[in-house]
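With the sequence shown counted from 1, adding 54 to any position gets you the numbering used here. For each residue, glycine too, the CB sits at the ideal point set by N, CA and C. Data block below; observations after.
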Amino acid sequence: MGQEMEMFRIRVDYGRRVEERIQAGHYRWFHPEVTSRNFPAKRTGRAELFVAFGWMFDVDPSASADHIIQDSYNDEWRPADLQELVAFGDQYSPIPASLSGVLDMFAGPEGGRLVALDSLWKDGRGVRYAPGLAWDERGVFDMLDLCLLETNCLASYLFLSIRR
């Protein structure tokens, strides 16, 4: 991931269903397709992990999600999954002051998205999405959305990354 960065510690219980985690997150809104059926847990047990943010990657604006995953992650880092994304949102909302500047760089008119690239879902038309947390002007993660994984959208996303 290229440069020095601040890492954040999270605790994840992979045994909790996505629906339970959504209820615990107190979201103003969540996408109805973010379910255990569409995003089954890939890991088991509990873990304490360190996370950082994919803004440090040298991401080509025309790169595909597959390209970002292949070229940006390595033996030291991997993309986060939905369970890890929601755990981060639970534990760091409101957003700490040390992180708000980074997130503000990615906030457009509709806010920004912190995306988990290790949890992908295709709709009935074959369009791919990844779950993403959106934050409001108070620095609270208030929406759990699905983020379109089209080339022109990726440059506006921040990717949650897990240290291996």
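Between the region 79-97 and the region 184-197 there are three or more C-beta pairs closer than 8 Å, enough to call the two in contact.
Cβ atoms of Y183 and L212 stay farther apart than 8 Å, at about 16 Å.
Taking every protein chain shown into account, the CB of A134 has 16 or more other CB atoms within 10 angstroms, so this residue is buried.
If you look at L203, you'll find it isn't in any alpha helix (DSSP H); DSSP assigns it neither H nor E. T89 and K96 have their C-alpha atoms roughly 14 Å apart. F104 counts as exposed, since fewer than 16 other C-beta atoms from the protein chains shown sit within 10 angstroms of its C-beta. Around the CB of E138, 16 or more other CB atoms lie within 10 Å, so the residue is classed as buried. For L174, there is no enclosing beta strand (DSSP E), as DSSP marks it with neither H nor E. An exposed status is given to A151, since fewer than 16 other beta-carbon atoms sit within 10 Å of its beta-carbon. For F93, the secondary structure class from DSSP, reduced to helix, strand or coil, is coil. When only Cα atoms are considered, A78 and D144 end up about 8 Å apart. Under the three-state reduction of DSSP, E102 is assigned to strand.
For R167, there is no enclosing alpha helix (DSSP H); the residue is part of the beta strand (DSSP E) that begins and ends at 167-169.
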